[in-house]
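All remarks here apply to the structure that follows.
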Amino acid sequence: MNKPSICNEKDGSVCLQSDGDTILRAALRAGLPYAYECNSGGCGACKFELVTGEIETLWPEAPGLSERDRKRGRHLACQCRALGPVRIKAATGAEYQPKILPKRQRATLLAVQEITHDIREFRFVAEADANFLPGQFALLDLPGLGSARAYSLANTANGQREWHFQIRRVLHGQGTHLLFEKLAVGDEIGLDGPYGVAYLRPDVPRDIVCVAGGSGLAPMLSIARGAAESGLLAARKLYFFYGARTPRDVCGEEQLRQLPGYGERIQYIPVVSLPGDNGDWGGEAGFVHDAVARVLPTGLANYEFYFAGPPPMTQALQELLMLGHKVPFEQIHFDRFF
37 MNKPSICNEK
47 DGSVCLQSDG
57 DTILRAALRA
67 GLPYAYECNS
77 GGCGACKFEL
87 VTGEIETLWP
97 EAPGLSERDR
107 KRGRHLACQC
117 RALGPVRIKA
127 ATGAEYQPKI
137 LPKRQRATLL
147 AVQEITHDIR
157 EFRFVAEADA
167 NFLPGQFALL
177 DLPGLGSARA
187 YSLANTANGQ
197 REWHFQIRRV
207 LHGQGTHLLF
217 EKLAVGDEIG
227 LDGPYGVAYL
237 RPDVPRDIVC
247 VAGGSGLAPM
257 LSIARGAAES
267 GLLAARKLYF
277 FYGARTPRDV
287 CGEEQLRQLP
297 GYGERIQYIP
307 VVSLPGDNGD
317 WGGEAGFVHD
327 AVARVLPTGL
337 ANYEFYFAGP
347 PPMTQALQEL
357 LMLGHKVPFE
367 QIHFDRFF
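Counting in the numbering used here, the sequence shown runs without a single skipped number right up to 374 at its last residue.
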């Protein structure tokens, strides 16, 4: 595949040739600061208008486009391929400038580890070094599936070429069914990344708050590990909230205990929404966003927030932080997944 090319036009549009990539992946691979979040058709952040050229739509029913968007001729860059050179109009911003250009490579399943009854860690070794920022994700091209699946990384960049993903089994999910039931150690897949803009900001002096729910554990562990490995926690604290449905869903503490400063610079706060009536659960109960407001020792505007989890959780956190406590938007980092 040829390297994708881009050029900016005088009318504000962008001329792009994707050479078989989706328009979004081609733009990011070429270094364009194209606005996006999920990279999988759900969020709608990568909408564009086609100025000239022809495109192929991979998922016409993608939920990231409303009927109004479709009537106005808008498309999703993550779900379109260019059939030759195209010119488009799309949102860009400096915060979307890729710090590490994503690339495609082959990866082999190295090991699988149980995290909970429905979350497993899948460790892959790739052709090249594992170069990504804490909190980012990658796209996995799994055999037999027509489209890539986006999964967050749980580890940090390393020279061993290892990419670790903690993935929750989804009922009737084709991707997780293949991973949990079909893929065996030694099998090869396609890996494309890194992607995502909710990565660790190392130059911010505020204490860090990570909030995870479900398999949102992975990117929050990556951020906690990145903060600990880089020495950031010598001068600040990290509060790690994990929102679980029941006590048996609670996880993350075992991995955090391995980090220097656990119990002092790193505090783990699990929160269970359905603790049951038998009294076995003695920790925080209710919704995790309520616990964030209740537990943190100072005003919420004093922290740098990272979170990942189900859409209701991320929506509740956005409302809590931005509307309820006036936390500046630049202190809030998350990638939307659906």
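Just so you know, even glycine gets a beta-carbon here, dropped at the ideal spot from N, CA and C.
The structure displayed is predicted, hence computed values, not measured ones.
Considered as a whole, the stretch 310-348 harbours 324-331 as its complete alpha helix (DSSP H) runs of no fewer than 4 residues, in chain order. In the displayed model, I155 falls within a strand according to three-state DSSP. Looking at L295, L64, Q202, the one whose alpha-carbon comes closest to that of P230 is L64. Cβ atoms of G80 and L112 come within 8 Å of each other, at about 7 Å.
Secondary structure note for E198: its beta strand (DSSP E) is the uninterrupted segment 198-204. A direct Cα-Cα distance of roughly 6 Å separates D371 from A234. The beta carbon of V148 is closer than 8 Å to those of R156, E157, F158, R159, V221 in its chain, skipping five residues each way along the sequence.
The count of Cβ pairs closer than 8 Å, one atom from the stretch 172-189 and one from the stretch 248-255, reaches three, so the stretches are in contact. DSSP places K218 within a helical segment (H, G or I) once states are collapsed to three. Distances from the CA of D154 to each of I203, L189, R242, L101 were compared; the closest alpha carbon is that of I203.
With 16 or more other Cβ atoms inside 10 Å of its own Cβ, R185 counts as buried. The three-state reading of DSSP puts S251 in helix, counting H, G and I together. Using a Cβ distance threshold of 9 Å, R330 and V308 do not count as a contacting pair.
Straight-line measurement puts the Cα of L181 at about 40 Å from the Cα of D239.
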